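For the sequence shown, the numbering used here assigns the number 482 to the last residue and increments by one with no breaks.
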Amino acid sequence: MSSVLSRIREELYKVSEIDIDEEEVSINVIEEFIDNIEYFRNASEEEIIESFRSIFYSGTKYSIKLLFFVRDKINGLGERRVFRVILKYLGKEHPNYIENNLALIPKYGRWDDLYSLFDTKLEDNVIDLFKNQLQIDVNSNNPSTLAKWLKSENTSSKESKRLANKTRRLLGYSPKEYRRLLSSLRKKIDIVETNISRRDYSKINYNNLTKLNIKKYQKAFLRNDKVSYEKFKLQNNKNAFIFKSLEKMISTIRNNLNNYNRNSIEDMYSKNLEYLIDITIKDINSFEDTLIINGIEGEFTKDQNRYFDVLIATILLYNKLNSNSFKNYYMSFKKNSKFNKLTGGNYIEDIEIISKNNINYNIDLNSALDLLLFTSIKKNLKPEAIPKSIMFIYNKDENINFIDFKDINEKWINSGFEVPKIKFWDLNDLSPKFSIKYKDGVTIIKGYNNSMWKYLLECKEMSHSNIIIDKFNNIEYKDLII
């Protein structure tokens, strides 16, 4: 699109801005933008700008918050390209909204994001920020990562070389001075990637790594420097809670059960696992007792089989919250449906117990409900002592006998019980676009991501975009100046 046409469109948006209350910006517009974030990764810059521009002119406060949420590598979407396209647009057209927030860009993103503001009205401001930080870093034993992300002149990329040359000239260094500056600062930074690429793990000081680096390179540490890395985790309390994903934590524990004795596993992971479970259920506002039914086909394997990791996480969470007579049980299938009791004294033992019960066949949900009803009658249980709902977790539906609702309902009513609410969780597509929907009297759950546990446990109708919008609404960037 020509610059003239862009200018005309910009003026039209400015006209449409008149009389719009900033607080009235439609959350639907933001939700639509977030819904399209995967598309925007490969969309033209003009498409991205056009979509953001409509938000910007209907609510500047929300649009700048959205900009940083899009980039936020910890609590936001972590999108680089979309952020940089919008940042360049704002640097050219609305620099005043970015000028006071320049220092926040490397905080929520990376220092090299600031290159998007080269050749804009904020180029000099970026250079001033670089100069000030370099002065601090030169005199510091714990420098920032600026030198890591500054462009080097000895690169093959023409654009990177152009930016490096411009950076050097505007900072006032000769090529030799600039090269020496970056080299000395990068040595002080002790860039972990350098040691990993050289396979020189003996030089890595785990105590100096950020939690982000630990999370990013954990697999490499476990694969190539397992003894030292595990020793660091055991001894260093500040990094005791490295895992943020319950499912990944369980996957690591399952894999290590094959290599270590249980006592060692408990020493390494128990506190972290307890913390993750407690933090996951901390803010649950509503909950109904639920019996988990394992309908996953296949065997537990040594590799990271996410179906089983998610299943185990679900069983542990509901077991923690349930209070009915089946609190310590879940169901699975062999020749017939059967109850499995969690007899472990802690979470690690429970994971081991579930992992050993690893084969499902003859999956028949009708028989599972019959067994639950028969057991309730046999034990003379009161209606309030049985689960309020059952959650059937499965990964294939072609070999599963699902429910005859009419027949099941009659059996339960005639026995003096109310049929538990039915929840189907299809893990066949482990898409991060998690959703909970109600259809024909049952709850349909699809996908998985680590942000969905609260919604699952509260059983609220929810889509992935709703989760992101909730996150966007609840996050506060108090350091933003708007």
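A virtual CB, placed ideally from N, CA and C, is assigned to each residue, including glycine. Model, not experiment: these values are computed from the prediction.
Residue i, DSSP secondary structure in three states
i    : result
G91  : helix
T252 : helix
S323 : coil
D505 : For residue 505 there is no data in the structure shown, the boundaries of the chain being 1 and 482.
K471 : helix
K421 : strand
M462 : strand
Y477 : coil
M452 : coil
R110 : coil
E297 : coil
N96  : helix
N529 : With the chain running from 1 to 482 in the structure shown, residue 529 is simply not present.
L381 : coil
I265 : helix
F130 : helix
D278 : helix
S286 : coil
I27  : helix
I354 : helix
T375 : helix
D370 : helix
F232 : helix
A313 : helix
F308 : helix
K121 : coil
I105 : helix
Residues that residue i bridges to, as DSSP identifies them
i    : result
N205 : Its beta-bridge partners do not exist; DSSP assigns none.
D291 : Checking the sequence shown, residue 291 turns out to be Leu, not Asp. Note: L291 sits in a beta bridge opposite I390.
Y217 : The partner list for Y217 (beta bridge, DSSP) is empty, contrary to what the question assumes.
S337 : F333
S435 : K446
Test item: CB-CB of residue i and residue j under 8 Å
i    : j    : result
I55  : L66  : yes
K166 : F118 : yes
S431 : S463 : no
K320 : I265 : no
Y347 : N340 : no
S58  : V82  : no
Y394 : D426 : yes
I189 : K148 : yes
E31  : S376 : no
Y97  : I64  : yes
S332 : N294 : yes
N132 : I481 : no
N175 : R168 : The sequence shown places Pro at residue 175, rather than the Asn named in the question. Yes, they are a contact pair.
Y108 : D72  : yes
S337 : L371 : yes
P387 : D289 : yes
I312 : I354 : yes
A220 : I253 : no
I277 : L317 : yes
V70  : G76  : yes
P383 : F405 : no
I284 : E458 : yes
I127 : L171 : yes
D113 : L87  : yes
L104 : D479 : yes
N224 : R198 : no
S325 : L381 : yes
Y307 : I296 : yes
Neighbour flag for residue i against chain D, beta carbons, 8 Å
i    : result
K433 : Structure shown: chain D not included; a single protein chain is present.
Residue i CB to nearest heavy atom of the ligand HEM below 7 Å
i    : result
K334 : Of the ligands one can find in the structure shown there are none, so the ligand HEM has no counterpart to examine.
4-residue-minimum alpha helix (DSSP H) runs that sit fully inside the segment 132-211, ordered along the chain: 146-149, 158-171, 175-189, 192-197
Curious, which full-length alpha helix (DSSP H) runs of at least 4 residues does the segment 31-91 contain? 37-40, 45-56, 60-71
Report yes or no: do three or more beta-carbon pairs, one from the segment 113-128 and one from the segment 84-93, lie closer than 8 Å? yes
Sufficient close CB pairs (3 or more, under 8 Å) joining the segment 248-262 to the segment 414-424: no
Cβ pair count under 8 Å reaching 3, the segment 34-51 against the segment 445-452: no
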